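*Asks:* Protein chains in written order, with my numbering: chain A, -10 to 330; chain B, 29 to 374. The beta-carbon is built from N, C-alpha and C at its ideal position, and this holds for glycine as well. Predicted model, so just to flag it, every value in this text is computed and none were measured.
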Amino acid sequence: MMATPSNNPPLLEVKNLRVEFPTRRGTLLAVDDVSFDIAPGEVLGVVGESGAGKSLTGNAIIGLLEPPGRIAGGEIRLEGRRIDNLPYEEMRKVRGARIGAIFQDPLTSLNPLYSVGRQLIETIQTHLRLSAAAARTRALDLLKEVGIPGAETRIDHYPHQFSGGMRQRVVIALALCAGPRLIVADEPTTALDVSIQAQIIALLKRLCREHGTAVMLVTHDMGVIAETADRVAVMYAGRIAEIGPVRDVVKHAKHPYTKGLMGSIPSLGVRTERLTQIDGAMPRLTEIPDGCAFNPRCTERGARCLVERPNLMAAGTSRAACWLHDRGGVGTPIAKETVDA
Amino acid sequence: MPDGAGTAFVRIAGLKRYFDVSAPWLVRTIEGRPRQIVQAVDGIDIEIAKGETFSLVGESGCGKSTVARLVVGLYPPTAGSIEFDGNDMAARHSRADMAALRRRMQMIFQDPFASLNPRWRVFDIIAEPIRAFGLSKDKADLEKRVGDLLRQVRLAPVDGRKFPHEFSGGQRQRISIARALASQPEFLVCDEPTSALDVSVQAQILNLMVDLQRRFGLTYLFISHNLAVVYHISTRVGVMYLGRLVEVAPTETLFTRPKHPYTRMLLDTIPDLDMTGRQRTPVAGEVPSPINPPSGCTFHPRCPFANDRCKAERPAPLAIEGGTVTCHAIEEGRLPIEDRVYVANS
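(1) In the DSSP output, what is MET271 (chain A) paired with across the bridge?
(2) Pull up the distance between the alpha-carbon of PRO140 (chain B) and that of PRO221 (chain B), whole angstroms please.
(3) Nearest CA to the CA of ILE254 (chain A): which residue from B:TYR248, B:GLY266, B:ILE233 and B:GLY60?
(4) Output the residue ranges of the beta strand (DSSP E) runs that lie fully inside the segment 124 to 204 of chain B and measure 3 residues or longer, sorted by chain position.
(5) Whole angstroms is fine: what's the gap from ARG59 (chain A)'s alpha carbon to ILE50 (chain A)'s?
(6) Please work out which residues of its chain come closer than 7 Å, Cβ to Cβ, to PRO(-1) (chain A), disregarding the five sequence neighbours upstream and downstream, and give them in chain order.
(7) Strictly under 9 Å for the Cβ-Cβ distance: is ALA270 (chain A) near chain B by that measure?
(8) Just mark TYR355 (chain A) as buried or exposed, buried being the case when its beta carbon has 16 or more other beta carbons within 10 Å.
(9) Give a yes or no on whether the minimum CB-CB distance between LEU9 (chain B) and chain A is below 9 Å.
(10) Can you confirm whether VAL229 (chain B), when its beta carbon is compared against all beta carbons of chain A, has any partner nearer than 9 Å?
(11) Mind listing which residues of the segment 285 to 298 of chain B have their C-beta closer than 9 Å to chain A's C-betas, in chain order?
(12) Check whether the segment 278 to 289 of chain B touches the segment 90 to 108 of chain B, counting contact only when three or more Cβ pairs, one atom from each stretch, lie closer than 8 Å.
(13) Compare the C-beta of GLY233 (chain A) against all C-beta atoms of chain B and say whether one is closer than 9 Å.
(14) What ranges does the beta strand (DSSP E) occupy inside the segment 255 to 311 of chain A, keeping only unbroken runs of at least 3 residues that lie completely in it?
(15) So, VAL217 (chain B) versus VAL100 (chain B), is the Cβ gap smaller than 9 Å?
(16) Excluding sequence positions up to five away, which residues of its chain have a Cβ less than 6 Å from the Cβ of ARG143 (chain A)?
(17) To the nearest angstrom, report how far apart ILE161 (chain A) and ASP152 (chain B) are at their CA atoms.
(18) Is the CB of LEU273 (chain B) under 9 Å away from at least one CB in chain A?
(19) Pull the bridge partners of CYS218 (chain B) from the DSSP assignment, please.
(20) Buried or exposed: which applies to TRP120 (chain B), given that a residue is buried once 16 or more other Cβ atoms fall within 10 Å of its Cβ?
(21) GLU2 (chain A) to GLY320 (chain A), Cα distance in whole Å?
(22) Taking CB distances under 9 Å as the criterion, tell me whether ALA230 (chain A) reaches chain B.
(23) Closest to ILE332 (chain A) by C-alpha separation, out of A:GLY168, A:THR306, A:VAL159 and A:ILE277, would be which residue?
(24) Out of A:LEU193, A:ASP210, A:LEU181 and A:GLU297, state which residue places its alpha-carbon closest to the alpha-carbon of LEU225 (chain B).
(25) Leaving out the 5 sequence neighbours to the left and right, which residues in its chain are closer than 6 Å to LEU99 (chain A) when beta-carbon positions are compared?
(26) Ordered along the chain, which non-local residues of its own chain (more than five positions away) have a Cβ less than 6 Å from that of ASP219 (chain B)?
(27) Please decide whether ILE261 (chain B) counts as near chain A, where near means a Cβ-Cβ distance under 9 Å.
(28) Which same chain residues end up closer than 7 Å to ALA218 (chain A) when comparing Cβ atoms and leaving out the 5 residues on each side of it in sequence?
(29) When you compare only the Cα positions, how much space is there between VAL257 (chain B) and VAL227 (chain B)?
(30) Excluding the 5 residues preceding and the 5 following CYS338 (chain B) in the sequence, name in chain order all residues of the same chain whose CB lies nearer than 6 Å to its CB.
(31) Let me confirm a value: TRP312 (chain A) is counted as buried when at least 16 other C-beta atoms fall within 10 Å, else exposed. Which label applies?
(32) Can you tell me whether GLN157 (chain A) is buried or exposed, with buried defined as 16 or more other CB within 10 angstroms of its CB?
(33) Under a three-way DSSP split, which group does SER323 (chain B) fall into?
(34) For a minimum of 3 consecutive residues, which ranges assigned as the beta strand (DSSP E) are wholly contained in the segment 68 to 105 of chain A?
(35) Is there a Cβ from chain B that is less than 9 Å from the Cβ of PRO278 (chain A)?
(36) Have a look at A:GLU111, A:VAL36 and A:ALA41 and flag the residue whose alpha-carbon is nearest the alpha-carbon of VAL8 (chain A).
Shown next, in the form of C-alpha cells:
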C-alpha cells in the first residue's frame, strides 16, 4: 500500500516550478523553485501557513492559476507528458479526465441552478463517450460510492438540499467522474466539522486505495496530513522547507521551521504550560530576506543562513532546506532577533 | 470551586434563546406554512468561578456562539438568567450601574478582519472603550494607556498610528485583545479567537492569553470547536450538542474519562499527530436541524447506545466525578465509563 517513489515511475513530476505575479512594484515570486514528485497511488500532503504558496502550487498543476499569476519557469509532467505549457483547450481535456480537483468550499464548486445529477452527467459526458442513460448509471454509481444515502432520489436534488458534508461528497464524486489518475484536493475538509471531516478523510483514503489514484492533499491541518498522507512537503515562503515520509517529518522534523510548527500544535495527552511558539510571522513576498527565508525567526541560525539560500539536502530519511544538514554547517551562530511586531 | 453556592463569578441558569426563522406572515398565510423556531440555546446551566477558563465545545450550529453573545448581552435571552458577580443582568439597573457592569466584561471575536473598523487607526480602536467608559483623565493619560495596552499584547506603541489593514491576522487578533483589555475587564468572552489563524500564530495568541490571564486574574469563557486547543487552555469544559450541554467536567477528567457518547465520539474523531497510521472510526450521521430537534435526548439518532427511553424522555443532568453528564445510559449504568489512554508525543 505504501508507495515507494524509487521503484515506480512518478505519476506527477514537478521540477523547479516558479509562479510569479507581475505587480506595479515589480514581480513577486510566490512559488520559488519547487520540485517534487508523486507516485501512482501515493498521497502527498502539502502543508504550510497561509501565503506559503501551497494552494498556488496545486493550482499551477491543474492549470487554474488566476491571472496575473503565471508559471514563470520549471515544468510539470503528468505520466511523462508535459502539461504546464498546454494550450487552454488541451489543458481542459487533461483537467477532469486525468486530474480531478476538490476545493475547500463545496458550495462554490457546485452550480446551484443544476441538480447534482445533471452536473455529474455533464462532466461524465464531457470526458467519456457514454450515452445519457449510461452516464446517469455511472453518476448513480459514483454517488453510491462516495456514500450518499438514498442516491436514487438524491441524484435529482439541488446542491442547497445537501448538508456541507454531503456536498463535499458530491464534489468528490464529480472529481472522480472520468477516473482521474491524480486528485488535487485543496483544503477538502477545512470547511467541515470534525466528525464530518473524519468521514471525508476515510472516504478519500478508501477511494485512493481502491482506484490507485494519487492525491495531492493541500491543507494547513497537520492532523489531517498525519492521518492521510504517505509523504509530506512543508512549504514556507514559496519554497519547500522539508519533504519526507510523514512519520519522520511529524516525529523527527529536520528543519527548525517544521520543529516549531509541530511544537505549536496543541496535542491531546500532554498538557504543557506554554506551547512552543515561533516568534514573528512569515515574511510578505515583498520582504523575503536574503539567505534562508526563515532566518529572522530561526533559533539555530548562523552567519551562512543570512547570505546563502539552502536548497533541499538529505537529512536522514527526509530532505530539508537547512544548512544544519550540510557538511559546512550554518557558520558562526547568530542570536535570533527579538521580533515581536 | 465550581459547585459551591455563592462562589460562582458568572452564573447562567436555564438559559434559552429561540430564533424565529419563519417565512413572512403573508407567505405563511397563503401557503399554510407553520412558524419555524430555531432552538439555538435550549436550557443551559453554567457556573464559572473567578480566574478559571471555562470552554464550550461543539460542532457548528450547536449554539456555542449564541451562548457567548447572550452572556455579553448582544442578544437578550428568551428565558433564563445570567448573573455576573451577583448581579442579575436582566434586572433593572440604572444606566450608570449597567455601564459599570458592562465595563467588566468584554468579548474577542473570531474574525480579526471583520471585527476591526478598517477606517479607524489602531489607536482609536483601542482608545474607544477607554473613552466610552470615561476611564482616562486627559489626552496624555489616554496615550499612555493605549501604548501600554499595545505593549502588553507585544505590539509597539507606534503601531497605533497604523490602520488595521497594515497588520497580519495574528497581529489583528492582538489588537482585538488589546481593545478588549482597554476597559480593564475581569471577564473575557472569547468566541473562537484562534480559528482564523495559522497554527504557529495560534500558539502565540494562546500563550498571550494565558500570560494575560495570570497577570490580570482574568476569567475566560472560551468558545471553540478545536478540542486540542480547548484541552490546552481550559480549567473546565462544557460539551454542547444542539443547544444543550451534554457534559461538563474538569478538563483532565473530560479527556481521560469522557462519559457522554457524544463526547466520546468527538474525541474519537479528532485527527491527532500521534495517530499516524492509526485508523480513525468515522461516525455516521450528521447534526440534525435545530428547527425540528429529535425528541427526548437530541443525540439519540446518532447514539449507538440509545433505547426507547432516550427517544422519549429528555435526560436530566447527573452529577458525576466532579462534573455533570446528561445521558440516560450513564445514569442507568448501561454504559461503562472507560479511561482513554493517550500516547505522549515525544
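*Replies:* Straight from the coordinates:
(1) As a position in the first sequence, residue 271 (chain A) is number 282, starting the count at 1. Under the DSSP definition of a beta bridge, MET271 (chain A) lacks any partner.
(2) Here residue 140 (chain B) refers to the residue found at position 112 when the second sequence is read from its first residue. Here residue 221 (chain B) refers to the residue found at position 193 when the second sequence is read from its first residue. Roughly 8 Å separates the two Cα atoms.
(3) For the purposes of this step, residue 254 (chain A) is identified with residue 265 of the first sequence, where counting begins at 1. Ranked by Cα distance from ILE254 (chain A), the first of B:TYR248, B:GLY266, B:ILE233 and B:GLY60 is B:ILE233.
(4) Those beta strand (DSSP E) runs which fall completely within the segment 124 to 204 of chain B and span 3+ residues are 133 to 136.
(5) As a first step, residue 59 (chain A) must be located in the first sequence, where it is residue number 70. As a first step, residue 50 (chain A) must be located in the first sequence, where it is residue number 61. So the two alpha carbons sit approximately 12 Å from each other.
(6) Along the first sequence, one-based indexing puts residue -1 (chain A) at 10. Here the set comprises ASP26, ILE27 and ALA28.
(7) Within the first sequence, the letter at position 281 stands for residue 270 (chain A). Judged by the 9 Å Cβ criterion, ALA270 (chain A) is in contact with chain B.
(8) Since the first residue of chain A shown is -10 and the last is 330, residue 355 (chain A) is not available in this structure.
(9) Summary: the structure shown does not reach residue 9 (chain B), with chain B confined to residues 29 through 374, and so no result is reported for it.
(10) Numbered from 1 along the second sequence, position 201 holds the residue referred to as residue 229 (chain B). At least one chain A Cβ lies under 9 Å of VAL229 (chain B).
(11) Here the close residues are MET293, LEU294, LEU295, ASP296, THR297 and ILE298.
(12) No, the segment 278 to 289 of chain B does not touch the segment 90 to 108 of chain B.
(13) As a first step, residue 233 (chain A) is located in the first sequence; it is residue number 244 there, counting from the start. Look at GLY233 (chain A): its C-beta is not under 9 Å from any C-beta on chain B.
(14) For the segment 255 to 311 of chain A, whole beta strand (DSSP E) runs of length 3 or above, ordered along the chain, are 302 to 304 and 307 to 309.
(15) Position 189 of the second sequence, counted from the start, is the residue given in the question as residue 217 (chain B). Position 72 of the second sequence, counted from the start, is the residue given in the question as residue 100 (chain B). In this structure, VAL100 (chain B) lies closer than 9 Å to VAL217 (chain B) by Cβ.
(16) Within the first sequence, numbered from 1, the residue matching residue 143 (chain A) stands at position 154. Result list for ARG143 (chain A): ILE137, in chain order.
(17) In the first sequence, the residue the question calls residue 161 (chain A) occupies position 172. In the second sequence, the residue the question calls residue 152 (chain B) occupies position 124. One C-alpha to the other measures close to 47 Å.
(18) Translated into the one-based positions of the second sequence, residue 273 (chain B) becomes position 245. By this cut-off, LEU273 (chain B) is not an interface position.
(19) For this step, residue 218 (chain B) is matched to residue 190 along the second sequence. Answer is B:ILE136 and B:PHE250, bridged to CYS218 (chain B).
(20) Counting from 1 along the second sequence, the entry for residue 120 (chain B) is found at position 92. Here residue 120 (chain B) turns out to be Arg, not Trp, going by the sequence shown. By the neighbour-count rule (16 or more Cβ atoms within 10 Å), ARG120 (chain B) is not buried but exposed.
(21) Against the first sequence, residue 2 (chain A) aligns to sequence position 13. Against the first sequence, residue 320 (chain A) aligns to sequence position 331. Between GLU2 (chain A) and GLY320 (chain A), the C-alpha separation is close to 34 Å.
(22) Residue mapping note: residue 230 (chain A) aligns to position 241 of the first sequence, counting from 1. ALA230 (chain A) does not count as touching chain B.
(23) No information on residue 332 (chain A) is available, as it lies outside the stretch -10 to 330 that chain A covers here.
(24) Your numbering for residue 225 (chain B) matches position 197 in the second sequence. The candidate whose alpha carbon is nearest that of LEU225 (chain B) is A:ASP210.
(25) Translated into the one-based positions of the first sequence, residue 99 (chain A) becomes position 110. The residues PRO148, in chain order, have a CB closer than 6 Å to that of LEU99 (chain A) in the same chain once the five nearest residues on each side in sequence are set aside.
(26) Here residue 219 (chain B) is taken as the residue at index 191 of the second sequence, counted from 1. Around ASP219 (chain B): SER93, ALA96, PHE137, GLN138 and ILE251.
(27) Along the second sequence, read from residue 1 onward, the residue named residue 261 (chain B) stands at position 233. Chain A, which has a Cβ nearer than 9 Å to the Cβ of ILE261 (chain B), makes this yes.
(28) Residue 218 (chain A) sits at position 229 when you count from the first residue of the first sequence. These residues qualify, in order along the chain: VAL32, LEU33, GLY34, LEU206 and VAL235.
(29) Locating residue 257 (chain B) in the second sequence gives position 229, counting from the first residue. Locating residue 227 (chain B) in the second sequence gives position 199, counting from the first residue. So the alpha carbons of these two residues sit roughly 10 Å apart.
(30) Position 310 of the second sequence, counting from 1, holds the residue named residue 338 (chain B). So the list reads GLY324, CYS325, HIS328 and HIS356, once near-sequence residues are dropped.
(31) Residue mapping note: residue 312 (chain A) aligns to position 323 of the first sequence, counting from 1. Buried, because 16 or more other Cβ atoms sit within 10 Å of the Cβ of TRP312 (chain A).
(32) Within the first sequence, residue 157 (chain A) is the residue found at index 168, counting from 1. Residue environment for GLN157 (chain A): buried (at least 16 other C-beta atoms within 10 angstroms of its C-beta).
(33) As a working note, residue 323 (chain B) is residue 295 in the second sequence. Here DSSP, grouped into helix, strand and coil, assigns SER323 (chain B) to coil.
(34) The segment 68 to 105 of chain A contains these whole beta strand (DSSP E) runs: 88 to 91.
(35) Position 289 of the first sequence, counted from the start, is the residue given in the question as residue 278 (chain A). Using a CB distance cut-off of 9 Å, PRO278 (chain A) does not count as an interface residue toward chain B.
(36) By one-based count along the first sequence, residue 8 (chain A) stands at place 19. Ranked by Cα distance from VAL8 (chain A), the options A:GLU111, A:VAL36 and A:ALA41 are led by A:ALA41.
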